[in-house]
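Numbering (our numbering), first residue to last: 184 to 533.
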Amino acid sequence: MTVIGLGAMGRALAGAFLDNGHPTTVWNRTAGKGGELVERGATEAATAAEAIAASPVVVVCVLDYDAVRKVLGAPEGADAAEGSDAAEGSDTAEGSGTFGTATGLLAGRTLVNLTNGTPRQARELARWASARGADYLDGGIMAVPPMIGNPGSLVLCSGSSGAFTAYEGTLSALGAVSYLGEDAGRASLYDIALLSAMYGMFGGFFQAVAMVGSEKVPATEFTPLVVSWLDAMLTSLPEMAKAYDANDHSATASNLGMQAAGFVNLLDTGRDQAVSTELLEPMGALLHRGVAANRGGDDLSALIDLLFHTAPAKVAAPAKAADLTTTADPAKAADPARGADARSNDLGSE
Ligand code: FVH
């Protein structure tokens with residue numbers, strides 16, 4: 184294995200490969216981060232090119248796609264996708280000193296990019312890699328570095344099914360691995376969606392702590408209540424998902440109109456307590472839009488419809504829960520062709 188990028192996550196990935204007995208070559212832009220891994224048996228390459236040349240599988244985990252492109256010598260945007268770039272066989276934008284001549288070395292190798300990015304970036308890089316004879320797998324790591332290789336770590340993968348079949352076992356050193364199909368952008372889409380849910384939760388927590396903090400209630404005293412309340416609310420998500428997929432938001436014990444009226448109190452209390460309402464305002468506006476769109480009698484899940492700028496033609500069938508928690512069989516990959524009938528969303532004031 185080769186691991187490019189030795190930040191907190193790259194070091195954890197390389198460590199897990201070593202722990203599982205995979206000979207591992209590492210490289211990082213700034214020297215000096217591979218010491219502990221070398222002590223554990225890794226080989227440190229002098230350039231990115233040398234690292235790529237060392238292994239059939241090259242895992243890249245750097246800050247963002249700009250960094251990926253610099254490391255691989257891939258141009259940005261359409262040029263990257265079309266494969267008519269000037270970088271082929273030449274040095275990267277950063278010159279040959281640290282990076283080496285990387286692009287021409289990818290042919291016949293599998294590039295596994297675990298850097299966070301957008302579905303569009305993943306698809307462009309997949310086309311760029313494919314034009315250079317490399318198999319491409321994109322991955323979303325649903326774990327923080329200490330979780331890598333331990334229970335609870337999940338890596339979402341999509342892209343080349345051949346590469347996934349060949350290296351699923353190797354990648355499982357990192358945790359459970361779930362394959363989401365040939366579309367290289369799918370893993371990133373799921374990753375971004377899950378992070379969206381996570382940031383919503385953290386935002387709610389920050390607001391709650393600030394709210395009670397305005398009267399000097401310690402966060403540590405209040406947080407157990409937040410945790411048990413969120414635990415209870417989490418149980419409503421599968422029902423909301425069912426309502427959304429069925430386009431039937433009628434079953435409700437807590438209708439949207441009632442919630443819109445109550446939400447005003449969250450904003451007013453923030454103002455009274457001198458706590459910013461910037462995290463709350465978007466949800467308040469969406470609730471208001473729901474009421475304006477005559478959805479006040481519906482369940483809160485009706486708000487999901489309002490988030491689309493254009494009505495989605497199809498909604499892909501949901502993956503089975505098992506697909507996301509266990510090492511998946513490619514045959515079980517989510518298939519957009521299984522999509523439900525076209526939805527007739529009321530887009531409210533959109
Ligand atoms: N850490 C986490 O909690 C999350 C968990 C989920 C997945 N993310 C994503 O993983 C990618 C790497 O994150 P990281 O935690 O390793 O990040 P850092 O510790 O900040 O290390 C950044 C590495 O990227 C290298 N780098 C930055 N810019 C460039 C560049 N222009 N060319 C080459 N390499 C570059 C940096 O190198 P250096 O600064 O040491 O020279 C580090 O190796 C990321 O996509 C997360 O979203 C992590």
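Virtual Cβ for every residue (Gly too), placed ideally from N, Cα, C.
- May I ask you to verify whether the stretch 370-377 touches the stretch 435-442, counting CB pairs closer than 8 Å and requiring at least 3? No, because fewer than three Cβ pairs between the stretch 370-377 and the stretch 435-442 fall closer than 8 Å, the two stretches do not touch.
- Query: Under three-state DSSP, which class holds valine 186?
  - Reply: strand
- The alpha helix (DSSP H) enclosing alanine 359, as first and last residue numbers: That residue, alanine 359, is in no alpha helix (DSSP H); its beta strand (DSSP E) goes 359-362.
- In terms of residue numbering, what span does the alpha helix (DSSP H) encompassing glycine 467 cover? 464-475
- Task: Go ahead and label leucine 339 buried or exposed: buried means 16 or more other beta carbons lie within 10 angstroms of its beta carbon, across all protein chains shown.
- Result: buried
- Report yes if the CB atom of leucine 289 is closer than 8 Å to the CB atom of alanine 305, and no otherwise. no
- Roughly how many angstroms separate the alpha carbons of glycine 473 and phenylalanine 491, rounded to a whole number? 13 Å
- Among Ala250, Ala197, Glu351 and Gly358, the one whose alpha carbon lies nearest that of threonine 226: Ala197
- Start and end of the alpha helix (DSSP H) containing serine 379? 368-396
- DSSP state of valine 245, grouped into three classes? coil
- Item | C-alpha distance - glycine 215 paired with valine 245, whole-angstrom precision | 16 Å
- Message: Buried or exposed, going by whether 16 or more other CB atoms sit within 10 Å of the CB of phenylalanine 200?
- Response: buried
- Ordered list of alpha helix (DSSP H) runs contained in the stretch 406-459, each at least 4 residues: 420-429 and 439-455
- Candidates Ala356, Leu486, Gln442 and Pro407: which alpha carbon is nearest aspartate 431's? Considering only alpha carbons, the answer is Leu486.
- Kindly confirm or deny that the stretch 353-368 and the stretch 202-212 touch, where touching means at least three C-beta pairs closer than 8 Å. yes
- Per DSSP, which residues does glycine 322 bridge with? Please list them. Cys340
- Task: Give the single residue among Trp412, Met381, Val409 and Ala391 whose Cα lies nearest to the Cα of serine 459.
- Result: Ala391
- Distance, Cα to Cα, alanine 231 vs asparagine 211? 8 Å
- Contact check, aspartate 318 vs serine 336, beta carbons under 8 Å: Taking 8 Å as the Cβ cut-off, aspartate 318 and serine 336 do not qualify as a contacting pair.
- Task: Can you say whether methionine 416 is buried or exposed, counting buried as having 16 or more other CB atoms within 10 angstroms of its CB?
- Result: Methionine 416 sits exposed, since fewer than 16 C-beta atoms from the chains shown fall within 10 Å of its C-beta.
- Item | glutamate 227 - DSSP class collapsed to helix/strand/coil | strand
- Task: Provide the residue(s) that pair with valine 295 in DSSP beta bridges, ordered along the chain.
- Result: Val242 and Leu320
- Which residues mark the beginning and the end of the beta strand (DSSP E) in which valine 209 is found? In this chain, the beta strand (DSSP E) harbouring valine 209 covers 208-210.
- Item | Bounding residues of the alpha helix (DSSP H) (the contiguous stretch that carries glycine 198) | Note, glycine 198: alpha helix (DSSP H), 191-202.
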